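Okay, so the sequence shown: first residue is 33 according to this note's numbering, each after it adds one.
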Amino acid sequence: MSEQPWTIESIRDALGSPTLAQRFLSEINRAPAHELLDVFAKWQGVAQRTLDAVGRGREIAAAEARGEEPPGEWTDVTDRVLADAARIRTHGAA
C-alpha cells in the first residue's frame, strides 16, 4: 500500500476476494476488544502480502509481454515434481 495508513476498508479492498473480505470482516466484527489489534494486524499482513503478490505478478506479465525473462530468481523444480508424480502414481499419495 502507499503511504496511507491501513484501515478496515483498505484491508477489505486489498484482499481482492469477496470470500476473504467477508472472512476478514466477520473476524474483525466478532473479535473481543482485547483481540482487535491482533486480528487487525493479522489481516493487514494478509492484505500486504496479497498486494505484493499482485505487484510481482504484474511485473512478470509486463516482462513477458516485452519478450523478456521474468524478473527475480526462479528455481526449476520440474524434475522434483515429475519424480513426486511418478512416486504417487506408483505408491499412492499417502
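Just so it is clear, CB atoms sit at the ideal spot from N, CA and C, and this is done for glycine as well.
Predicted, not measured: the structure shown is a model, and the values here were computed from it.
- Look at Gln36 here: in three-state DSSP terms it is coil, with no helix or strand label.
- Taking the CA atoms as reference points, Glu100 sits about 47 Å from Glu67.
- Pairing Asp111 with Arg81, the inter-Cα distance amounts to about 29 Å.
- Between Ala46 and Ala79 the beta-carbon gap is near 4 Å, inside 8 Å, which marks them as a contact.
- Assigned with DSSP and collapsed to three states, Asp108 falls in coil, not helix or strand.
- For Ser58, the enclosing alpha helix (DSSP H) covers residues 50 to 62.
- Per DSSP, reduced to three states, the secondary structure at Glu100 is coil, with no helix or strand assignment.
- Within the model, the alpha-carbon separation for Pro102 versus Asp108 is close to 13 Å.
- Relative to Glu105, the option among Arg62, Arg119, Arg88 whose CA is nearest is Arg88.
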